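Colleague: Quick mapping for you: the protein sequence lines, in order, are chains A and B. Taking this note's numbering, the leading residue of the first sequence gets 1, the next gets one more, and so forth. Taking this note's numbering, the leading residue of the second sequence gets 424, the next gets one more, and so forth. Beta carbons: idealized from backbone N, C-alpha and C, even for Gly. Note that the coordinates shown come from a computational prediction; the quantities given were computed from them, not determined experimentally.
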Amino acid sequence: MPQRPTSSLAACVWIPLFPLRCEEARREGLATHPTALLAPDLSRKLWQVSPLARHAGVRAGMTVSQAIGPCPTLWLCEPDPVHYDERFARLLAALNEISPVIESGELGLAYLGTDGLEGIFGPPEKVVKAIECVVRGAWCVRIGWGRGKFAAWVAASRAKPGEAIIVSPQGEKKFLAAQPIAVLPLDPDTHRRLRQLGIRTLGALAALPEEAVTAQFGAVGRKLWRLAAGHTVEPVVGGVAPEPIVAALTFFTPVGERDLIERALDQLIARTLKDPRRIGWRVQAVRLRAELEGGGDEGGSRGAACCAPTYRSWLADILLKDPTADGARVAAPLRTRLEQAPPAGAVTRLVLELTAFAPGTTELQLFARDAVAAARAGQRRALESAAREILQRVKRTCLYHVIEVQPWSRLPERRYALIDYEP
Amino acid sequence: MNREWDVGRGMRTDRLRALNVPQSVTVQLDGEGIPRRVGDAPVEVVLESWRIDDEWWRLPIVRKYVEVVLEGGGRLVLFEDMKSKQWFAQKP
Chain A
1 MPQRPTSSLA ACVWIPLFPL RCEEARREGL ATHPTALLAP DLSRKLWQVS
51 PLARHAGVRA GMTVSQAIGP CPTLWLCEPD PVHYDERFAR LLAALNEISP
101 VIESGELGLA YLGTDGLEGI FGPPEKVVKA IECVVRGAWC VRIGWGRGKF
151 AAWVAASRAK PGEAIIVSPQ GEKKFLAAQP IAVLPLDPDT HRRLRQLGIR
201 TLGALAALPE EAVTAQFGAV GRKLWRLAAG HTVEPVVGGV APEPIVAALT
251 FFTPVGERDL IERALDQLIA RTLKDPRRIG WRVQAVRLRA ELEGGGDEGG
301 SRGAACCAPT YRSWLADILL KDPTADGARV AAPLRTRLEQ APPAGAVTRL
351 VLELTAFAPG TTELQLFARD AVAAARAGQR RALESAAREI LQRVKRTCLY
401 HVIEVQPWSR LPERRYALID YEP
Chain B
424 MNREWDVGRG MRTDRLRALN VPQSVTVQLD GEGIPRRVGD APVEVVLESW
474 RIDDEWWRLP IVRKYVEVVL EGGGRLVLFE DMKSKQWFAQ KP
């Protein structure tokens, strides 16, 4: 497995409310109205709220009916996770021009490793300028630079929109000491307990003995103390594009019907997208291959009357215009190819290969996968949960879909088949 | 061999599992080739018979189907593979 590149010096690029900003960027006039984005699930609760709406009393997590009361002019947007996914991918690709070491967080949050960049751009100020040049215009970005991800993140979170804060290693302790404890990765309970103890800044926390904090809050407390004191420098860990991900399906009888081939294609796409190696990456290039009936035959073994060529395989190489983690978008150009230039023979084996990837985020993969399924979430989730439990217990798939293969066939065993059901 | 094909072959291959696959059975015939006993169960009535010739362009499939009622009322469809001369039971 290739070693992942790391960098101890980090720049944090943060675009708060990224999905909402995406909507504002593509809908004229949205930015000047109180706006809220609905959650990408069935709850119909508000996911993100614009500052104007927030000023009017609307909060994330409210139901629509709760929000309309304090803000009757609220504009609601349906979520478009795939669009946010694509926009963020483009942002990451742009940042990749500055540094090869990029670690993405939630939507709108990315870390760049800047070790060695001083040789190209100069001091940190110049590095930050270069980042601003790459992302400027499209977004109101906040940038922080410091030693490790935490210092960079705190700097970015304290920066004003469109500005940058650089925390030099010499001034790091002083800078962190003045920050509120809310910048720490705290759960609500720990946050409440710290406030009850009168600890409101990182400086106040770091002033306590490490052992005392550890005794009170356990391993989490120790981690928080070390972050507050600037003793932990979390490096930026870049991703390494995964090797091609391959899935194959062998038909028990050669198949010429496009419907069935497309159904098998959907199955293969779903399987490859679910591969753990793909998490954090979007598909940029895909290859579909088909082994055709008679592919193993030598031409000479055929009768003299058979003059037709012996077709061996079929291949479609697709470069996706916009990298995506959405199965339907991966399938679309392949379906078009199957329609326009179908395999010249019955298919015995279908192989799908994801050959190139673009950086993405874990969060986005979840969105992209759930976007369509969310509409039927309830029962499906229960079914998926049950299927996973069965898989864990018996270590093999025991659930299958019944699919039509050749329902018109005179041979009963050719009419229907079982295919793995993988939640 | 092309590298990509190697990669593909190295991965787990999943098959479609056919439903209603013919099950091999032992059939005793009378002098006219009509089933009289399937396994241990005597055949009470022969209802219908038909023949299928298919896939002549690939590996020809020739089957002689017989629908029978076993003693006790069980209904069963049998066929004889005319190439291998073996008998199978299969749902129609």
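1. What's the C-alpha gap between Gln509 of chain B and Glu503 of chain B?
2. How far does the alpha helix (DSSP H) with Ser157 of chain A in it reach, from first residue to last?
3. Ala512 of chain B bridges to which residues according to DSSP?
4. For Thr114 of chain A, does the three-state DSSP call read helix, strand or coil?
5. Ile15 of chain A to Gly162 of chain A, Cα distance in whole Å?
6. In whole angstroms, what is the alpha-carbon distance linking Trp47 of chain A and Met62 of chain A?
7. Identify whether Tyr84 of chain A lies in helix, strand or coil by the three-state DSSP scheme.
8. At the 8 Å Cβ level, is Leu439 of chain B part of the contact set with chain A, yes or no?
9. Which of helix, strand or coil does DSSP assign to Thr73 of chain A?
10. Is the shortest distance between the beta-carbon of Val286 of chain A and the beta-carbons of chain B less than 8 Å?
11. Reducing DSSP to helix, strand and coil, say where Pro19 of chain A ends up.
12. So with CB distances below 7 Å, who are the chain A contacts of Pro445 of chain B?
13. 8 Å is my cut-off, CB to CB: does Ile457 of chain B come that close to chain A?
14. Using a cut-off of 7 Å between C-beta atoms, extract the partners of Ala417 of chain A located in chain B.
15. Hey, would you say Ala11 of chain A sits closer than 8 Å to Leu112 of chain A, going by beta carbons?
16. From the DSSP secondary-structure annotation, give me the bridge partner or partners of Tyr400 of chain A.
17. I'd like to know if Gln509 of chain B contacts chain A, where contact means its C-beta is closer than 8 Å to some C-beta of that chain.
18. Of the residues A:Pro169, A:Asp189, A:Trp145, which one's Cα is nearest the Cα of Arg158 of chain A?
19. Using 8 Å as the threshold, is the segment 237-253 of chain A in touch with the segment 206-223 of chain A, meaning 3 or more CB pairs across them?
20. Please classify Thr362 of chain A as buried or exposed, where buried requires at least 16 neighbouring CB atoms within 10 angstroms.
21. In terms of residue numbering, what span does the alpha helix (DSSP H) encompassing Pro465 of chain B cover?
22. What are the uninterrupted segments assigned as beta strand (DSSP E) that are 3 or more residues long and contained completely in the segment 183-262 of chain A, given in chain order?
23. Checking 8 Å against the spacing of the C-beta atoms, do Phe150 of chain A and Thr190 of chain A come in under that value?
24. Anyone know if the C-beta pair for Ala316 of chain A and Arg287 of chain A falls short of 8 Å?
25. Listing by chain order, which chain A residues have their CB less than 8 Å from the CB of Gln513 of chain B?
26. How would you call Pro412 of chain A, buried or exposed, if buried means at least 16 neighbouring beta carbons within 10 angstroms?
27. Any beta carbon from chain B within less than 8 Å of Val402 of chain A's own beta carbon?
28. Would the segment 483-497 of chain B and the segment 449-462 of chain B be scored as touching if the rule is three or more Cβ pairs under 8 Å?
29. Take every Cβ of the segment 29-40 of chain A, pair it with every Cβ of the segment 65-78 of chain A, and state whether three or more of those distances are shorter than 8 Å.
30. What residues from chain A crowd round Asp529 of chain B, counting only those whose CB sits closer than 7 Å?
31. On a CA-only basis, which of B:Asp453, B:Arg474, B:Arg440 is nearest Val561 of chain B? Give me that one, please.
32. Could you name the residues that DSSP lists as bridge partners for Trp281 of chain A?
33. Taking the beta carbon of Cys398 of chain A as the centre, do at least 16 other beta carbons fall within 10 Å, making it buried, or is it exposed?
34. Among the residues of its own chain, which have a CB less than 6 Å from the CB of Val372 of chain A, if the five just before and after it don't count?
35. For Ser50 of chain A, which three-state DSSP category applies?
36. Indicate the three-state DSSP secondary structure (helix, strand or coil) for Ser507 of chain B in the structure shown.
Modeller: Taking the geometry as given:
1. Roughly 6 Å separates the two Cα atoms.
2. 148-158 is the extent of the alpha helix (DSSP H) around Ser157 of chain A.
3. Partner(s): B:Gln446, B:Leu501.
4. Of the three classes helix, strand and coil, the one that applies to Thr114 of chain A here is coil, per DSSP.
5. Those two C-alpha atoms are separated by around 10 Å.
6. Their backbone Cα atoms lie some 8 Å apart in a straight line.
7. Three-state result, Tyr84 of chain A: helix.
8. The beta carbon of Leu439 of chain B falls within 8 Å of a beta carbon belonging to chain A, placing the residue at that interface.
9. Coil.
10. Not closer than 8 Å to any Cβ of chain B, the Cβ of Val286 of chain A fails to qualify, so no.
11. Under the three-state reduction of DSSP output, Pro19 of chain A falls in the helix class.
12. Residues of chain A with a Cβ closer than 7 Å to the Cβ of Pro445 of chain B are, in chain order, Glu413.
13. Chain A, which has no Cβ nearer than 8 Å to the Cβ of Ile457 of chain B, makes this no.
14. Listed by position along chain B, the residues whose Cβ is nearer than 7 Å to that of Ala417 of chain A are Leu439, Arg440, Ala441, Leu442.
15. In this structure, Leu112 of chain A lies closer than 8 Å to Ala11 of chain A by Cβ.
16. Tyr400 of chain A pairs with A:Asp420.
17. Residue-level contact by beta carbon fails for Gln509 of chain B and chain A, as no gap is shorter than 8 Å.
18. If we check each option's Cα against that of Arg158 of chain A, A:Trp145 comes out closest.
19. No contact exists between the segment 237-253 of chain A and the segment 206-223 of chain A.
20. Confidence at Thr362 of chain A is low in this model, with a pLDDT of 48, below 50, so the placement of that residue is unreliable and no value is reported for it.
21. Where Pro465 of chain B is concerned, there is no enclosing alpha helix (DSSP H), although the beta strand (DSSP E) it sits in stretches over 464-477.
22. If we require 3 residues or more, the beta strand (DSSP E) runs fully inside the segment 183-262 of chain A come out as 245-255.
23. Against a cut-off of 8 Å, the Cβ pair of Thr190 of chain A and Phe150 of chain A comes out as no contact.
24. Yes, these two residues count as a Cβ contact at 8 Å.
25. Under the 8 Å cutoff, chain A gives Pro412, Glu413.
26. Pro412 of chain A is buried by the Cβ-count criterion.
27. Answer yes: the Cβ-Cβ gap between Val402 of chain A and chain B drops below 8 Å somewhere.
28. Three or more Cβ pairs closer than 8 Å define a contact, and the segment 483-497 of chain B meets that threshold against the segment 449-462 of chain B.
29. Contact between the segment 29-40 of chain A and the segment 65-78 of chain A is present, because at least three Cβ pairs lie under 8 Å.
30. Lying outside 424 to 515, the shown extent of chain B, residue 529 of chain B is not represented and no answer is given.
31. The requested residue 561 of chain B is not part of the displayed model; chain B covers only 424 to 515.
32. Bridge partners of Trp281 of chain A: A:Pro359.
33. With fewer than 16 other Cβ atoms within 10 Å, it is exposed.
34. For Val372 of chain A, the predicted structure reports a pLDDT of 43, less than 50, and the residue's modelled location is therefore unreliable. A value from the coordinates is still provided. A distance below 6 Å between beta-carbons, with the five flanking residues on each side excluded, links Val372 of chain A to no residue of its chain.
35. Note: Ser50 of chain A maps to coil in three-state DSSP.
36. Residue state, collapsed to three classes: coil.
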